[in-house]
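If you're matching positions, the sequence shown starts at 172 in our numbering and goes up one per residue. Here a beta-carbon is modelled for each residue, glycine too, at the ideal position from N, C-alpha and C. These numbers come from a predicted model, not from an experiment. Notes for the one structure printed next.
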Amino acid sequence: MASSADILFENEFVGDTYKEVPEDKQNAYKKFFTAKEEKMKKSAQISAVQALNVKPAATNTALMDRKDVYRSKVSGVPLQFNQGPLDPVVEKANLVEKKRKIFFDSGDRDTDAYPDASDFVISCGRIFHNVKSIRLVSLEFPNVVKAIDTLKNNQLYWINIEDDSLDPPYPVYTATVSPGSYSLTTLQTELTTEMAIPFRNDGQVYSDGTFPIHHLFVVTVNLETDYVGFTSLVAQPCGQNPITTTGGSTLISLTQNNHGYVNGQLIYILGVVGILGGLQASDINGSFSITVIDENRFTFNVLVVATTTVTGGGTLVKTGREAPFQFLFGQNLYPLADIIGFPVENSFVTIGQTDPITANTKTITEIIPGENETSIICPDHRILPGDKVNLVNVNVTPSIYQNEKYNRIFTVYSVPSPDVFTIRYGTQHVSDISTAFVGTQTFQMYYPGHGFNRIVDITQIGPNLVQITTLFPHGFTSTSTVLLKQTNSVPNVDGFYKVILMPNSLDTFAIQSSNLSHPLSIVTPGFSGILSSDQIFYLTNVTSLGGFTTSDLNNVPFTVRDIIDENNFTFSGIYGLSQFAETGGGSGIRINSKIHGWRGTQSNNDTGSLYKPVRMSGDNYAFMCCPGLNSDSISNSGPVENILAKIFVSVIPGYVIFNDFDGSPIDFALPISTLKDFHFQIKAKDNSSVLFNGLDYSFGIELIELIQSTQDMSMNQTSRIMPPGSSKK
């Protein structure tokens with residue numbers, strides 16, 4: 172049976188009707204007929220190629236296509252390209268590659284549908300068929316890649332140690348840096364300004380009726396060493412001309428009524444202007460250890476000798492003390508940390524021990540089946556109700572491994588004794604538990620002087636007065652407040668209280684109800700509980716151990732579980748489960764909590780060495796992406812997908828990048844049968860959009876079409892490469 176190709180390209184003609192025509196006439200007619208036939212064939216071939224490659228006129232259908240594209244955009248479904256094998260008839264045709272160029276300008280997009288040039292769909296201007304590859308060939312691109320940008324890295328977060336008395340304690344203060352690209356000195360000014368906006372004390376009036384003041388941060392930068400430091404101060408004005416120099420001496424005297432400082436305290440002098448006794452203002456402004464003369468005067472020494480004895484300084488002079496605070500870069504979105512050389516974590520102290528963490532597993536010695544509950548005998552398990560456990564090598568009927576709901580991970584239902592816990596899972600038979608054990612989310616830490624504390628006694632000592640005794644000195648002051656949790660007195664005394672210090676005692680304090688109609692009274696004393704503000708902590712720089720991954724162990728909250736002594740405690744996590752017992756974690760582990768990480772000055776050099784260099788240039792590359800292209804020609808180690816080209820950000824912000832990119836061809840295993848629109852995106856390396864905020868860019872795309880050679884066109888058939896499933900007319 173003849174194929175369609177045979178029918179297309181072969182004919183059998185009827186016998187000649189002019190055999191008896193004289194030979195000279197016959198040859199003349201033959202020449203005429205052959206010439207006419209060739210002319211018609213050539214005309215048909217040209218028409219076929221023109222029909223294939225002509226730019227289509229704008230029609231209502233084309234407009235509807237773009238509306239469909241918009242509906243695809245708002246519905247979240249990416250633009251799709253129809254790719255597939257060539258039509259069987261065309262596969263035998265002589266195909267040639269045709270290079271095409273398309274020039275795009277993001278300003279030509281539908282700005283109602285796509286308000287920013289970072290993400291838009293745009294028409295090709297005509298329809299292309301059987302596209303086998305595309306690539307970026309030219310680019311004019313304004314550098315809008317900001318070093319600091321919204322929804323990326325423009326936020327600072329901190330808490331103040333003095334706010335432990337607020338209810339709730341430790342409100343988080345924020346400052347927002349304006350998007351843009353800065354030098355280190357201009358960023359210093361921006362940080363000083365923005366961090367001064369929030370009021371201290373969470374904006375609340377103090378108990379003595381005074382109004383809160385604004386935050387004051389001294390931001391210090393060093394261009395040579397990449398040092399960046401933030402010093403939080405509580406400062407008070409001194410009055411007019413409080414500074415007195417001493418001629419021939421470095422001694423400076425300062426007058427400030429009721430300054431409240433003590434001998435040897437580190438004090439900051441701010442706001443001195445002009446030249447004073449031959450000293451520049453910069454010689455006097457700074458931090459100094461003081462000698463107190465009386466309640467209104469103190470002295471300090473500067474590095475330069477004054478030439479004369481004079482009094483001055485101006486009207487803006489302030490003195491201030493450091494106010495310890497913590498940055499919370501590790502648990503909040505879009506922190507500024509990385510660009511200024513800080514780790515993306517909360518303020519910390521270094522534990523100073525190598526391999527201080529032990530991950531635990533517990534051996535199962537017996538299992539007691541039950542209809543609704545199964546009892547697990549596990550000596551000294553140290554497990555609590557609500558804990559998540561991983562039961563390993565536990566062979567029971569019905570199987571815990573074939574149950575999709577549990578798959579061997581259970582929540583502990585009850586703890587009848589230190590050696591037994593139960594799970595809400597019915598079992599009938601125990602097959603084999605010879606190698607069974609329990610994986611947990613609990614750890615033990617060796618950290619000398621860790622500072623965590625717990626309640627060891629709760630006793631009524633008077634009407635509306637309960638005494639709390641802690642394992643170690645509590646460190647509270649007369650203005651402290653405390654949040655108690657998990658207290659086991661009857662009734663419990665969980666809640667938020669103002670601390671009442673007990674005379675001659677460092678490990679006891681008292682609490683009372685502020686509501687006199689409901690005085691604090693307990694029937695049965697207690698012996699346990701936690702001071703909840705210091706029980707949550709974070710670790711960083713921990714290596715994997717016991718089957719836990721680094722993401723299970725770093726920058727995630729842990730809870731103190733039990734304090735063994737002043738050097739050891741147990742704690743629990745919320746991610747992962749132990750698979751084997753192991754002691755490890757590495758060296759240089761850092762810890763943050765409400766008792767670890769407070770400092771008056773936080774810097775990118777807190778450990779004595781620079782954490783990382785300051786990076787004010789921002790990202791040095793971006794990606795042009797084209798969602799919907801089914802190609803594996805370009806891959807990326809990061810989260811960005813559908814990459815068309817890598818754009819090198821080689822100029823400073825505000826300038827235009829010309830043709831600085833890596834634009835390797837995107838080849839398709841199956842050609843795109845019909846291409847009329849493109850979806851373009853500009854992405855940063857973290858997969859966030861690079862916003863243009865009204866600016867536009869232009870670029871050129873080269874694509875290769877597969878078209879049918881004119882030598883394959885017959886006089887009787889004009890062919891176009893058809894998408895699969897299409898019918899020929």
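Alpha-carbon spacing of residue i relative to residue j, whole angstroms
i	j	result
E916	F581	Beyond the ends of the chain as shown, which are 172 and 900, falls residue 916; an answer cannot be given.
N566	V601	6 Å
P902	I760	Because the chain in this structure spans residues 172 to 900, residue 902 falls outside the shown range and cannot be described.
S585	D526	33 Å
V560	I828	56 Å
G541	L654	41 Å
Q407	V433	16 Å
S692	T606	50 Å
F740	F863	52 Å
T357	T363	10 Å
S749	V563	10 Å
G445	T482	12 Å
T282	F299	25 Å
I639	V390	41 Å
L967	L800	The displayed coordinates of the chain run from 172 to 900. Any statement about residue 967 would go beyond what the structure contains.
N659	S722	35 Å
F500	I414	39 Å
P259	D803	Its pLDDT being 49, under 50, P259 is placed unreliably by the model, and nothing is read from it.
P227	G351	Because P227 carries a pLDDT of 42, less than 50, the predicted location of this residue cannot be relied on, and no value is offered for it.
F614	T416	59 Å
Y341	Y398	28 Å
G622	G457	33 Å
A840	L327	48 Å
Span of the alpha helix (DSSP H), counted from its first residue to its last, around residue i
i	result
A452	A452 to I455
L677	Taken as a continuous stretch (DSSP letters only), L677 belongs to no alpha helix (DSSP H), as it is neither H nor E.
L355	L355 to M366
D723	T721 to L724
In DSSP terms, what residue i is bridged to
i	result
S869	D276 and E311
P408	K489
M616	I528 and F740
M795	A816 and I853
R306	E873
T470	S424 and T462
Y121	Outside the displayed span of the chain (172 to 900) sits residue 121, for which this structure offers no information.
Buried or exposed by the 16-neighbour rule on C-beta atoms within 10 Å, applied to residue i
i	result
Y353	buried
K272	exposed
N775	buried
P506	buried
G296	exposed
F519	buried
V267	exposed
L322	exposed
H385	exposed
E876	buried
S821	exposed
H689	exposed
V694	exposed
G610	buried
F291	buried
V473	buried
E516	buried
V538	Here residue 538 is Ile; the residue named in the question, Val, does not match the sequence. By the neighbour-count rule (16 or more Cβ atoms within 10 Å), I538 is buried.
Residue range of the unbroken beta strand (DSSP E) whose run includes residue i
i	result
L387	L387 to N393
K847	I837 to K854
S546	T545 to I548
S602	H600 to D603
S764	R761 to S764
I461	It is not in any beta strand (DSSP E) - I461 carries neither H nor E in the DSSP assignment.
Q631	R625 to G633
R732	P728 to I734
Q773	T772 to S774
G700	G700 to L702
P587	I580 to S588
G757	It is not in any beta strand (DSSP E) - G757 carries neither H nor E in the DSSP assignment.
T321	T321 -> no beta strand (DSSP E), and no H or E assigned at all.
Segments of 4+ residues assigned as alpha helix (DSSP H) that fall wholly inside the stretch 502 to 527
none
Which residue spans inside the stretch 408 to 446 form an unbroken alpha helix (DSSP H) run of at least 4?
none
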